[in-house]
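A short write-up of the structure that comes next.
Number of protein chains: 2
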Amino acid sequence: MPGGPSAPSASTEVAGVASDIGKRTPFQCPRVEAYVNVIRTASLFSADFERLFRSHGLSEATYNVLRILRGSKLADPAGLGEVTCQRIGEQMVSPVPDVTRLVDRLERQGLARRRRCERDRRVVYVSITPEGESLLDHLAPGVDDQHAAHCADMTEADLRRLSALLTAFRAGARSTRGVRPGQSNPNSKD
Amino acid sequence: MPGGPSAPSASTEVAGVASDIGKRTPFQCPRVEAYVNVIRTASLFSADFERLFRSHGLSEATYNVLRILRGSKLADPAGLGEVTCQRIGEQMVSPVPDVTRLVDRLERQGLARRRRCERDRRVVYVSITPEGESLLDHLAPGVDDQHAAHCADMTEADLRRLSALLTAFRAGARSTRGVRPGQSNPNSKD
DNA sequence: CGGCAACATATGTTTCAACAGATGTCGTTG
DNA sequence: CAACGACATCTGTTGAAACATATGTTGCCG
C-alpha cells in the first residue's frame, strides 16, 4: 500500500495487481508493484485459511501454535513434546509477542496443556493434547486442498523461484527482529 | 503457516524461511514453502511500514485510504476528488469491508472530510483535506526510503519476475471477492 | 402510491493484536 | 542472604478487525 494508489506509467506490463484491484494502470515503480503484490497475495491466501480455520474455532495464529506443538511432539516421541512459550514465539510464521493469550485459548478449548517447569519456575511448558492432534488431523485434508488450489497455476519450478525471490526480497526488511540463530530443534514430520 | 512447522526433507535447498525462523529444515513441500515465504515477507514489510505510519497517527489501512483520496483528487484537479466509500473499499490493497470506520478516524484527525450526495442520499463522498495532503507529503521520503531499503538486494528484473509469479500464484486464491472488473478511473500521479 | 428488493453506509458486538507494565523467578554480586 | 538486573510469563488497557445487522435511500413493480 505504500505507494498503493499509484500512477499511470505505461511500459510496465505485468498488469497483475493493476487489474485485480479497482486499479487501472500498472504501477509507476516495479518496487511498489512487487510490494503490493506481496501484501495482496498474502492477504488473499490468509483470508482463505482464516475462513477454513474459523469454522473449527481456530484462528490462523492458534492453528500455527498447534502445528508447532505437534511438530515438537513428533520430534520427541518418548515425551509430550513440551515447548516453552518463548520458543513458540520464535517459530511462528509471523512473530507474535503475545504467546500467552494464544495458549490461553488453546487451553480453554482443550487443545493444549500447560505445565510449570520445576527447575526454572519462570518458564512454562506447553504441549498438545490428543484432542489437539485429532483436530489437526481433521483439518489436514482441507489445508492440503487449499494449498493445491492456490498452486494450481504454478509449476514446482515456479514455486522454487518464487521462494528464492521472496527470500532475497525479505533480506531488506528492517524488522528482522527475533531472528536469533536458534539452536537446532528438529521438529520432524509435517 | 498452514504447513508452517514442517518437516525435514533434504533436497529442497532454498533455505530461506527455514533459517529465518527458529526453523531448521527446508520445507517438505515447495507449495508450503512458497506460501510461508509470502506470508512472512508480507508480515515483515508490513511491520516496517506500520511502524513508520504509526509515529504519525496512521495505520497502514488509513494511510492507504489517504493515498486513494489523494490519487482521486489528482485525477480531478478542478474539483475535490471526491470518492464514494464503496470505491475506496475496492481500491484498497487488502480489501476492507469496514470503510466507514477508517474514514471516521481520518475525519476525526482532520485529514479527510465527508459530504452527502444530494442526488442519491445513500452515498457519501469522501475527499482529502489540505492537512491530509501535507501529511502525505511529509511521509513520502520515509516511504520511498523504506521501499528502497527493502529492494536493496533486488534488481529491477527480479522485481518484475516476482510480481509476475505472485500474480500467477494469486490466481488460485478462492477469496477473489470484491474484484469486479471495475471501470477505469485513472487516478493520475503517484 | 404502497410494498419490496437492491443498495450504501452506519452501528453494535465480539474477538483479537499491540504496547505497557506488573509479577514472580533466577543468577550473581557483595 | 539482601540487592540488583536479566528474564519468562502474565495482566490490563486500548485500538482495530470481523461479522452480523440496522438504518436510511432508491428504483421498480403492480
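In order, the protein sequences belong to chains A and B. Counting from 1 along the first sequence, just add 2 to a position and that's the residue number in our numbering. Counting from 1 along the second sequence, just add 2 to a position and that's the residue number in our numbering. Heads up, the beta-carbon is just placed ideally off N, CA and C, and yes, glycines get one too. All values reported here derive from a predicted model rather than from experimental measurement.
Euclidean distance between Cα positions of residue i and residue j
i, j, result
"B:L71", "B:Q88", "13 Å"
"B:A199", "A:S48", "In the structure displayed, chain B extends from 3 to 192; residue 199 of chain B sits before or after that span and is not available."
"B:L138", "B:L76", "13 Å"
"B:L161", "A:D50", "26 Å"
"B:R107", "B:C31", "43 Å"
"B:F171", "A:S136", "30 Å"
"A:R176", "B:S165", "21 Å"
"B:R163", "A:R115", "45 Å"
"A:R42", "A:L168", "14 Å"
"B:S61", "A:A44", "18 Å"
"B:V125", "B:R69", "20 Å"
"B:C119", "A:G174", "45 Å"
"A:R33", "B:P97", "21 Å"
"B:A159", "A:A36", "11 Å"
"A:V105", "A:V67", "8 Å"
"A:E52", "A:A142", "14 Å"
"A:R121", "B:H140", "53 Å"
"B:G112", "A:N39", "30 Å"
"A:T86", "A:G134", "17 Å"
"A:G91", "B:R123", "49 Å"
"B:E109", "A:H58", "38 Å"
"A:V95", "B:R117", "42 Å"
"A:L54", "A:L46", "13 Å"
"A:Y278", "B:D78", "Since the first residue of chain A shown is 3 and the last is 192, residue 278 of chain A is not available in this structure."
"A:G73", "B:G73", "47 Å"
"A:Q93", "B:T102", "36 Å"
Minimum Cβ-Cβ distance from residue i to chain B less than 7 Å
i, result
"A:C153", "yes"
"A:G174", "yes"
"A:S45", "yes"
"A:V95", "yes"
"A:R33", "yes"
"A:D50", "yes"
"A:A36", "yes"
"A:E158", "yes"
CB contact check: residue i to chain A, cutoff 7 Å
i, result
"B:P143", "no"
"B:H149", "yes"
"B:V40", "yes"
"B:S165", "yes"
"B:L168", "yes"
"B:R162", "yes"
Simplified DSSP state of residue i, which is helix, strand or coil
i, result
"B:A80", "coil"
"A:A173", "coil"
"B:A114", "strand"
"B:R121", "coil"
"B:S48", "helix"
"B:D155", "coil"
"A:D146", "helix"
"B:D160", "helix"
"B:D100", "coil"
"B:G193", "The question about residue 193 of chain B has no answer, for chain B in this structure spans 3 to 192."
"A:V34", "helix"
"B:V40", "helix"
"B:V105", "helix"
"A:V67", "helix"
Identity of the residues DSSP links to residue i by a beta bridge
i, result
"B:T86", "B:Y127"
Check your understanding: With contact counted as at least three CB pairs below 8 Å, one residue from each stretch, are the stretch 138 to 155 of chain B and the stretch 142 to 162 of chain A in contact?
Key -> no
Check your understanding: On the three-pair Cβ rule with 8 Å, is the stretch 80 to 97 of chain B touching the stretch 122 to 131 of chain B?
Key -> yes
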